[in-house]
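Residue numbers (UniProt numbering): 1 to 175.
#1: Determine, using beta carbons only, whether residue 158 and residue 107 come nearer to each other than 8 Å.
#2: Rounded to the nearest angstrom, what separates residue 63 and residue 142 at their Cα positions?
#3: I'd like to know whether the C-beta atoms of residue 118 and residue 127 end up nearer to each other than 8 Å.
#4: Would you mind giving the Cβ-Cβ distance between residue 38 and residue 57, rounded to the nearest angstrom? I have them listed as a contact below 8 Å.
#5: Can you list, in chain order, the residues of its chain with a C-beta nearer than 6 Å to that of residue 129? Leave out the 5 residues immediately preceding and following it.
#6: Since residue 85 and residue 162 should fall inside the 8 Å C-beta cutoff, what is the C-beta to C-beta distance between them, to a whole number of angstroms?
#7: Tell me whether residue 78 sits in a helix, a strand or coil according to DSSP, three-state version.
#8: Would you report the Cα separation of residue 30 and residue 164, rounded to the nearest angstrom?
#9: Could you say which of 54, 80, 34 lies nearest to residue 20 if we only look at CA atoms?
#10: Starting from residue 92, follow the alpha helix (DSSP H) in both directions and report where the run begins and ends.
#11: So the candidates are 3, 8, 65; which of them puts its Cα closest to the Cα of residue 90?
#12: Taking the alpha-carbon positions, what's the residue 61 to residue 154 distance?
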């Protein structure tokens, strides 16, 4: 079996696993939202939520949290497209390099979203507290660092792949 054939088979499997994840993830979130009431006690965040938080504040915080899901689905879709191209034997192409860059950009967006959205959620969910008891905290954790560094690395790999793709195209024109 050639290496390209093995790559194609494994990419085909990863494509299907990615599709399954893209379907199950939103379904799990929807199921969770339908089965548990949206109350200050059921909001799953790692900071104290005001017991007086209004329903609209809870919904805003939830919508902010769902933005990360949208970014994740965008990134998974780029992965699906890349695995589809690899499964078709399209490996060293400008299209694949662009998809690799999009995956890296998705990881960078997840890092940025985590950095920005958590303080906004905290502000929204403590807004019902009396003045002086509202809180906002900005911080960087290992998850943010991991996604930022991984995203930057993947973007750089995408750029390198674009260069390699250009060289491969140029070499084919000589033959």
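Every residue, glycine too, gets a C-beta built ideally from N, C-alpha and C. Note that this is a predicted model, so its numbers are computed, not measured.
Quick look at the numbers:
#1: One-based indexing of the chain shown puts residue 158 at position 158. One-based indexing of the chain shown puts residue 107 at position 107. With respect to the 8 Å criterion, residue 158 and residue 107 are not classified as neighbours on the basis of their beta carbons.
#2: Your numbering for residue 63 matches position 63 in the chain shown. Your numbering for residue 142 matches position 142 in the chain shown. Using only the alpha carbons, I get a separation of about 24 Å.
#3: Translated into the one-based positions of the chain shown, residue 118 becomes position 118. Translated into the one-based positions of the chain shown, residue 127 becomes position 127. Cβ atoms of residue 118 and residue 127: not closer than 8 Å.
#4: Looking up residue 38 in the chain shown gives position 38. Looking up residue 57 in the chain shown gives position 57. Approximately 10 Å separates the beta-carbon atoms of residue 38 and residue 57; this is outside 8 Å, ruling out the contact.
#5: The residue labelled residue 129 in the question sits at position 129 within the chain shown. The beta carbon of residue 129 is closer than 6 Å to those of 50 in its chain, skipping five residues each way along the sequence.
#6: Your numbering for residue 85 matches position 85 in the chain shown. Your numbering for residue 162 matches position 162 in the chain shown. The Cβ separation is near 14 Å, so there is no contact.
#7: On the chain shown, position 78 is the one that residue 78 refers to. In the three-state reduction of the DSSP assignment, residue 78 falls in the helix class.
#8: If you number the chain shown from 1, residue 30 lands on position 30. If you number the chain shown from 1, residue 164 lands on position 164. Their Cα atoms are separated by approximately 42 Å.
#9: The residue you call residue 20 lines up with position 20 of the chain shown. Out of 54, 80, 34, 80 has the C-alpha closest to the C-alpha of residue 20.
#10: Position 92 of the chain shown, counted from the start, is the residue given in the question as residue 92. Residue 92 -> no alpha helix (DSSP H), and no H or E assigned at all.
#11: Taking the first residue of the chain shown as position 1, residue 90 is located at position 90. Closest option to residue 90, Cα to Cα, is 8.
#12: Working through the chain shown from its first residue, we reach residue 61 at position 61. Working through the chain shown from its first residue, we reach residue 154 at position 154. Distance between the alpha carbons of residue 61 and residue 154: 30 Å.
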